[in-house]
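Encoded structure:
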């Protein structure tokens, strides 16, 4: 298994990406994962020496271009064919790597995933998810958090299936409770989208649907997998992220509120494409990168891609 | 000026409603506001004696029925014509009172407002708003928080105008910054609704439009008035309310997080109808009721209804 990493992405590139690799290699020594680093080969080699990073399982793919954090995704990917992101997707699409991680331009990562990779057969639209810290100590999954601003009920129904399979295998939640984010608990409540989605989720044999959940249930244990359109999910995720900034000032000692430091979760997997793709925050540091590699490893070792395929296209 | 209060609404009725009246009367003695209490006259009189509430500016309207917190709004209002909510709206519609407050069945309050009161001329749909505590010590206003789950751009544009006028006169924010809640900062970002709304807000001469705001801006001072559809606003409000429960455990000493106790704000005004209507939380206690009376008083004394009319229908 070979995990590709864009070393040029993120606010602290390439140093923190490489420190993350080191952290991962030190903590997870003998797991058989190879790592392919995409980026400025000279800079990478210098940091490898300076940080004393073991190179036994590392390969470097030299790229000469970088897609900036604020470049137009489609345009940048088209023009910068020798960028670390473009090369990373080329390797992944050709099977030279098995997963791809970047904390770079999120738009470019999503466009790259959608245009370079096949989607799982039957998938209407891929989706991005995020971990949500739950008050009971566990973690929830929310999806979509931004790839699909306008959705149809059929899409939300697929998000539910993808999220449930991911939560079961990668987050190790045995029988994940799936909730539909809505404005009331009762069936029949909601906007046109959620009113249309509820009956589909109720019929969906792949999931353990527990009904509607409300904004106040985001952090409690009512649902493990929280399903919504990408507009709603993006607002919730960014609001949740802002809670960490508030808590640093208002409650620096709170163990729970410190878990709103989204850096520790590493990144958000893109679900629905044929290979693991993990998009990290621009602010990712070593811990985030090592955690992203761990998520990729887990996705590969649990063979979650095949499980997602089976759930979407039941044999 | 005469403020009607449903004493039978809320989890602690009628005691806390009456304690709220007492609190208001003690703290705001000579303001010329009369109070009309709707509810079980015997129970009200008993509490007035027991709590030693001054009765000089109080009138009691005896009603014999109560709409429960979980009754079907339309059905209950139709069948229980002598309920405190139905009577309260009858008085308001006939001009016997000038405002109406209840912490009872929210749905019944909204249906009551929509069916008993005229809407401001030109208003597409009334809206409910909520105060949001801002980190800088101020307060923001978010609307819609639940009356209109599916919206059109023209509605959001009116919400912006209503919110700006309300913020200026009732919240006393001089030139309130109006932001469109969205998934990115740049114009062109968003779902179909926000993409369609942005150009209208840009052209709206009644407001100080500062552009898109994101989920992370909910609690900062980027915008004073935050505009969204009722689905999104309801999710944000209920999530914000849940932060108080978390903070009670995680950061009981935090002055800022304690402001997430939504009880202190009293209630959410319904904007767009011809008279002040304030809907309180079911959990409202005396402080919430006294604050709701204050909001009603402020709405009446600033003549905000005429100002809302002028903004929607510029002469």
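Protein chains in written order, with our numbering: chain A, 1161 to 1475; chain B, 1161 to 1475.
For glycine and all other residues, C-beta sits at the position ideal for the given N, C-alpha and C.
Within chain A, the C-beta atoms nearer than 7 angstroms to that of residue 1310/B come from 1351 and 1352, in chain order. Any Cβ of chain A closer than 8 angstroms to the Cβ of residue 1414/B would place that residue at the interface, and such an atom is present. For the segment 1382 to 1402 of chain B, the residues whose beta carbon sits under 7 angstroms from a beta carbon of chain A are, in order, 1391, 1392, 1394, 1395, 1396, 1397, 1398, 1399, 1401 and 1402. Classified as buried, residue 1448/B has 16 or more neighbouring CB atoms from the shown chains inside 10 Å of its CB. Secondary structure at residue 1241/B: coil, using DSSP grouped into helix, strand and coil.
Residues of chain B with a Cβ closer than 7 angstroms to the Cβ of residue 1379/A are, in chain order, 1402 and 1406. DSSP places residue 1197/A within a strand segment (E or B) once states are collapsed to three.
In the DSSP annotation of this structure, residue 1364/A is not part of any beta strand (DSSP E), being labelled neither H nor E. Spatial neighbours of residue 1176/B in its own chain (CB-CB distance under 7 angstroms, excluding positions within 5 residues in sequence) are listed in chain order as 1170, 1444, 1445, 1446 and 1449. Residue 1390/A carries a helical assignment under DSSP once its states are collapsed to helix, strand and coil. Residue 1179/A and residue 1370/B have their C-alpha atoms spaced approximately 40 angstroms apart. Taking 9 angstroms as the cut-off between beta carbons, the residues of the segment 1292 to 1307 of chain B near chain A are 1295 and 1306, in sequence order. For residue 1163/B, the enclosing beta strand (DSSP E) begins and ends at 1162 to 1166.
Within chain B, the residues 1406, 1407, 1410 and 1411 have their CB atoms less than 9 angstroms from the CB of residue 1417/A, given in chain order. Following the DSSP letters along the chain, one finds residue 1447/B inside the alpha helix (DSSP H) bounded by residues 1446 to 1461.
With respect to chain B, the C-beta atom of residue 1376/A has a partner C-beta closer than 8 angstroms. The C-beta of residue 1443/B comes no closer than 8 angstroms to any C-beta of chain A.
For the set 1260/B, 1274/B and 1333/B, the Cα lying nearest the Cα of residue 1297/B is the one of 1333/B.
Residue state for residue 1233/B is assigned as helix, using DSSP reduced to three classes.
Between the segment 1261 to 1272 of chain A and the segment 1182 to 1191 of chain A, the count of Cβ pairs shorter than 8 angstroms is below three; the stretches do not touch. Take the alpha-carbon of residue 1209/B and the one of residue 1219/B: they are about 14 angstroms apart.
For the segment 1333 to 1344 of chain A, residues whose beta-carbon sits nearer than 9 angstroms to a beta-carbon of chain B comprise 1341, 1342, 1343 and 1344. Assigned with DSSP and collapsed to three states, residue 1473/B falls in coil, not helix or strand.
In this structure, the alpha-carbon of residue 1197/B lies about 6 angstroms from that of residue 1167/B. The three-state reading of DSSP puts residue 1225/A in strand, counting E and B together.
Residue environment: residue 1212/B is assigned as exposed (fewer than 16 neighbouring CB atoms within 10 Å of its CB, all protein chains considered).
Around residue 1305/A, the same chain offers 1288, 1290, 1393, 1394 and 1397 as residues with beta carbons nearer than 6 angstroms, after the five sequence neighbours per side are excluded. Pairing residue 1364/A with residue 1345/A, the inter-Cα distance amounts to about 19 angstroms. Contact between residue 1244/B and residue 1266/B fails: their C-beta atoms lie close to 15 angstroms from each other, not under 8 angstroms.
Put simply, of 1162/A, 1323/A and 1437/A the residue whose alpha carbon is nearest the alpha carbon of residue 1338/A is 1323/A. Nearest neighbour of residue 1387/A by Cα position, chosen from 1442/A, 1420/A and 1308/A, turns out to be 1308/A. The count of Cβ pairs closer than 8 angstroms, one atom from the segment 1373 to 1392 of chain B and one from the segment 1404 to 1411 of chain B, stays below three, leaving the stretches out of contact.
With contacts defined as CB atoms closer than 8 angstroms, residue 1432/A and residue 1321/A fail to qualify as a contacting pair. With contacts defined as CB atoms closer than 8 angstroms, residue 1293/A and residue 1273/A fail to qualify as a contacting pair. With fewer than 16 other beta carbons inside 10 angstroms of its own, residue 1187/A counts as exposed. Comparing alpha-carbon positions, the option among 1270/B, 1225/B and 1350/B lying closest to residue 1239/B turns out to be 1225/B.
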